[in-house]
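Everything on this sheet refers to the single structure shown next.
Numbering (the numbering used here), first residue to last: 6 to 971.
In structure tokens form, the structure reads like this:
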């Protein structure tokens with residue numbers, strides 16, 4: 006075990022990377038073993054076979070670093086000898102940068118702009134003014150923090166001057182130093198104007214030894230381009246030397262920062278609600294108190310005034326607009342605020358559970374057929390059910406349908422004004438030579454559309470009932486078993502001596518055990534590739550039965566549980582076949598590991614410098630506890646490419662290529678199936694970590710990815726978030742509520758902060774109010790009513806006073822949580838009375854009633870069960886559709902991300918909000934074939950108190966089974 010080499014790195018902070026021949030023991034104490042000879046304090050970080058040494062002061066020149074022979078490898082081997090190396094630290098390149106994020110300057114010292122510089126004696130400041138009457142034009146092409154193009158159309162340079170940072174002869178100290186400029190002493194400010202501040206510096210301003218000895222510091226200097234050009238390059242610049250501070254090429258616009266600033270105490274939050282309604286909340290950025298009497302003007306993209314209003318004493322205003330606004334301008338006293346209201350600039354909810362069904366401007370519609378597949382020549386009995394809770398449509402409003410075939414040719418259209426309580430029935434004929442494939446139907450109500458795919462195939466119905474079973478209703482490593490087939494005719498006869506074919510399809514699924522729902526039993530790094538193969542091709546015996554072998558994948562880094570889906574075809578003597586499929590679980594290991602991550606408490610994420618304690622369980626494949634020894638615990642640090650890399654290739658491949666980022670490695674055991682382990686990620690490390698526990702003997706592993714960040718009290722300075730940000734974690738006291746319940750929501754608070762509470766349903770705001778927040782945990786309570794079915798969302802935005810924020814503490818954090826609501830009164834319970842057996846060509850009766858004699862509108866269908874089996878057709882449930890979880894469509898904008906000196910926690914704006922959550926069945930759809938027995942009647946209405954209605958139907962010449970659906 007020996008030392009190999011060292012490298013000196015400048016970024017993100019100066020450090021020395023020591024490389025050894027073997028991986029280092031990650032849990033060893035290296036204090037006093039690796040140190041600078043001059044006594045400089047160091048921080049040490051192990052990274053597989055590398056040791057990162059961070060000196061805790063600025064280093065300049067050559068220094069001696071001692072590597073003691075007490076350093077040990079992961080195999081407990083000591084270093085072969087002591088090493089002394091002499092890393093050379095170069096002087097830091099001169100730079101200047103703004104302090105803090107954001108562009109809005111609140112407070113009384115509105116024009117005090119902080120910045121920091123390193124190894125510079127002076128900077129030149131230039132000020133570009135964007136006139137207040139041109140702000141809306143500027144925002145057409147730019148955001149508040151952008152420079153943009155053609156700036157001379159909206160403003161001009163109004164000032165420049167040199168600021169001395171260091172006087173006299175000063176030795177380079179390689180330290181960032183804080184400064185500030187008072188813009189009010191440089192210019193006469195205009196209320197509502199935006200000022201773009203830029204820093205420049207010449208080679209002669211640099212505190213570098215190589216510059217001090219230079220005789221060509223600022224020769225042939227072009228002051229006009231230096232101050233005002235967007236692409237300034239000094240005279241004598243050389244390609245490839247832009248990053249060499251000893252060369253004149255370094256002193257160009259690549260190193261000249263610029264930033265826009267607007268002085269304002271106005272905090273704005275805007276929410277869009279239904280029917281083009283916008284709700285505005287104004288707060289004082291300094292105190293977070295309500296800000297009343299704020300003038301609001303809404304403008305279109307073409308800079309036309311849409312409307313104007315003023316906030317009330319509670320800082321709230323509501324406006325209804327004829328068109329979508331582009332920007333809102335707020336004015337209070339001599340202060341202005343600007344907020345663009347475009348979809349792409351609204352707050353991102355991509356990290357919250359906001360998906361679901363979407364209503365179309367308050368309307369919901371459900372289009373369904375009496376079955377899942379038709380053949381050419383059949384009539385498609387399509388029913389469209391319209392839900393208009395807000396009574397937006399007048400009586401007799403036309404509803405049109407258009408059906409197009411697979412070639413996108415219109416084959417049917419109809420307009421109906423004769424809906425029965427929102428039920429519209431369309432009987433769509435098809436020709437015998439109609440093309441097969443996926444057709445689609447479109448129902449249109451005004452400008453709103455509802456569509457459905459329709460499958461038209463040249464197929465035959467199942468005439469055989471196929472059953473598939475196993476010994477234990479699942480497969481396991483210890484009991485692989487066999488698949489038992491049985492087929493019989495739908496009329497009840499034995500399907501003797503018929504040919505059968507069975508195909509097995511293997512796919513992965515989630516591993517879980519009933520009593521351990523909070524544990525994770527899967528490993529994101531496990532590899533598996535879906536497979537499909539034939540396992541049986543032969544004949545059933547004289548009782549219509551057969552046995553098929555089961556092919557199981559080799560147990561090599563498999564997921565904990567797989568799905569085995571068997572597709573069986575049974576052929577009649579003439580070649581016609583019936584088809585069915587069934588899915589079984591395959592437990593791929595004899596013993597399993599489950600891990601349960603620690604509770605984050607009131608923190609937004611897991612925090613550095615804290616013990617992260619995981620619970621561990623070990624179970625057999627039946628979920629019974631087992632004692633297991635020698636479980637390996639590993640923790641890997643992930644770079645930020647793992648997220649998008651895993652979209653295109655497996656996470657397992659990523660891990661195999663990045664194993665050298667292992668931070669923790671230890672061995673544990675369990676007693677009676679229970680155990681635990683803990684680890685600590687030390688500051689300044691942070692980011693995403695992959696935690697894995699594996700069993701070398703049993704083969705199973707469980708893992709998860711967790712985000713660990715610095716505590717909120719730590720300053721993040723100029724640390725750039727790599728793709729995520731602090732969010733507000735909300736917790737409800739129940740998973741679902743009934744009408745009349747009280748819902749309690751808790752969330753992390755902050756002293757002196759104010760919280761905006763908004764209860765939102767789909768695209769509208771039901772109610773909103775403000776509460777005082779507390780430091781530990783804040784709680785709100787509200788009553789659940791009928792209006793909130795099937796769900797609402799609680800949106801909470803916690804706003805801190807700017808005067809109370811410390812460096813990077815969030816001035817605003819926000820969160821969203823769905824609140825599911827059940828109302829038993831919305832669930833109708835139809836009752837069907839039918840004969841158990843019906844003879845061919847016989848007239849029979851079907852009685853329909855509602856169990857509680859409530860009013861009910863319905864359609865009635867009698868369909869060949871063999872046909873329905875082809876697609877596993879489920880009887881449509883209107884309640885499940887109209888009362889399934891709705892998406893959140895209320896958009897929210899605010900400007901708190903733009904406040905300077907207060908971290909706003911901006912999320913990436915490329916994820917779409919919400920989405921459609923349809924009722925889906927996993928796996929492939931079954932092969933479609935058929936010949937129908939179909940009767941379709943309705944719609945009918947049962948009035949309140951009715952005992953029911955009887956329908957007489959004639960059964961055609963048919964032998965088999967049918968399903969009666971209402």
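In this text, a Cβ means the ideal position worked out from N, Cα and C, and glycines have one as well. These numbers come from a predicted model, not from an experiment.
Can you name, in chain order, every residue of its own chain whose Cβ lies under 6 Å from the Cβ of residue i, other than the five neighbours on each side?
i, result
"residue 316", "287, 297, 299 and 322"
"residue 482", "595"
"residue 88", "8 and 72"
"residue 710", "693 and 695"
"residue 238", "257"
"residue 107", "903, 904 and 905"
"residue 439", "381"
"residue 572", "508 and 586"
"residue 362", "889 and 891"
"residue 858", "950"
"residue 847", "960"
Return the chain-ordered list of same chain residues with a C-beta closer than 7 Å to the C-beta of residue i, the five sequence neighbours on each side being excluded.
i, result
"residue 51", "29 and 31"
"residue 563", "531, 533 and 593"
"residue 837", "851, 853, 969 and 971"
"residue 543", "505 and 551"
"residue 168", "127, 128, 130 and 186"
"residue 535", "511 and 512"
"residue 178", "63"
Quick test of your reading: residue i and residue j, contact by CB under 8 Å. State the CB separation rounded to the nearest angstrom.
i, j, result
"residue 170", "residue 198", "About 27 Å separates the two Cβ atoms, so there is no contact after all."
"residue 942", "residue 956", "6 Å"
"residue 549", "residue 499", "5 Å"
"residue 734", "residue 753", "7 Å"
"residue 864", "residue 428", "7 Å"
"residue 378", "residue 462", "6 Å"
Might you give, ordered along the chain, the residues of its own chain that have their beta carbon closer than 8 Å to the beta carbon of residue i, omitting 5 neighbours on each side?
i, result
"residue 766", "792, 793, 796, 797, 798 and 891"
"residue 636", "598, 621, 623, 672, 673, 674, 675, 680, 698, 699 and 700"
"residue 964", "495, 496 and 845"
"residue 310", "302, 303 and 304"
"residue 185", "117, 118, 119 and 120"
"residue 330", "283, 303, 304, 305, 311 and 346"
"residue 471", "490, 491, 492, 573, 575, 583, 584 and 585"
"residue 81", "30"
"residue 873", "376, 377 and 968"
Buried or exposed: where does residue i fall if 16 or more other Cβ atoms within 10 Å of its Cβ makes it buried?
i, result
"residue 435", "buried"
"residue 730", "Because the pLDDT of residue 730 is 42, which lies under 50, any placement of that residue in the model is unreliable, and the number read from its coordinates should be weighed accordingly. Burial call: buried."
"residue 400", "exposed"
"residue 468", "buried"
"residue 46", "exposed"
"residue 728", "Reliability of the predicted coordinates at residue 728 is poor, the pLDDT of 37 falling under 50, and no value is obtained from them."
"residue 452", "exposed"
"residue 307", "exposed"
"residue 940", "buried"
At least one CB of chain D closer than 8 Å to the CB of residue i: is that the case?
i, result
"residue 233", "The structure shown contains no chain D; it is built from a single protein chain."
So within the region 484 to 560, which uninterrupted beta strand (DSSP E) runs reach at least 3 residues, ignoring any that extend past its ends?
488 to 494, 504 to 513, 536 to 544 and 550 to 553
Suppose only complete runs of 3+ residues qualify. What are the beta strand (DSSP E) ranges in the region 364 to 415, listed by chain order?
369 to 374, 384 to 392 and 404 to 409
To test your reading of the DSSP string, which unbroken beta strand (DSSP E) runs of 3 or more residues are found completely within the region 24 to 98?
39 to 41, 47 to 52, 55 to 60, 70 to 72 and 88 to 90
Please confirm if the region 813 to 832 is in contact with the region 771 to 782, defined as three or more CB-CB distances below 8 Å between the two stretches.
no
Does the region 270 to 283 touch the region 895 to 903, meaning 3 or more C-beta pairs lie closer than 8 Å?
At 8 Å Cβ cutoff, the stretches touch.
For the region 344 to 355 against the region 392 to 406, do three or more pairs of beta-carbon atoms, one drawn from each stretch, fall closer than 8 Å, so that the two count as touching?
no
Completely contained beta strand (DSSP E) runs for the region 738 to 795, where each covers 3 or more residues:
Qualifying beta strand (DSSP E) stretches, in chain order: 741 to 743, 747 to 753, 759 to 766, 769 to 777 and 782 to 788.
Sufficient close CB pairs (3 or more, under 8 Å) joining the region 194 to 210 to the region 133 to 142:
Yes, they touch.
Contained beta strand (DSSP E) runs [length at least 3] in the region 123 to 153, N- to C-terminal order
127 to 135
So within the region 558 to 616, which uninterrupted beta strand (DSSP E) runs reach at least 3 residues, ignoring any that extend past its ends?
Runs found: 566 to 576, 582 to 592 and 596 to 601.
Any beta strand (DSSP E) of 3 or more consecutive residues that is wholly inside the region 154 to 189
160 to 169 and 181 to 187
Assess contact between the region 78 to 95 and the region 55 to 70, defined as three or more Cβ pairs (one per stretch) separated by less than 8 Å. Is contact present?
yes
Which runs of the beta strand (DSSP E) fall wholly inside the region 844 to 893 and span at least 3 residues, in chain order?
848 to 855 and 861 to 869
Pick out the complete beta strand (DSSP E) segments inside the region 294 to 328, 3 residues or longer, and give them in chain order.
300 to 304, 310 to 315 and 321 to 325
Entirely within the region 432 to 493 and at least 3 residues each: give me those beta strand (DSSP E) ranges in chain order.
Within the region 432 to 493, complete beta strand (DSSP E) segments of at least 3 residues are found at 442 to 450, 453 to 461 and 469 to 474, given in chain order.
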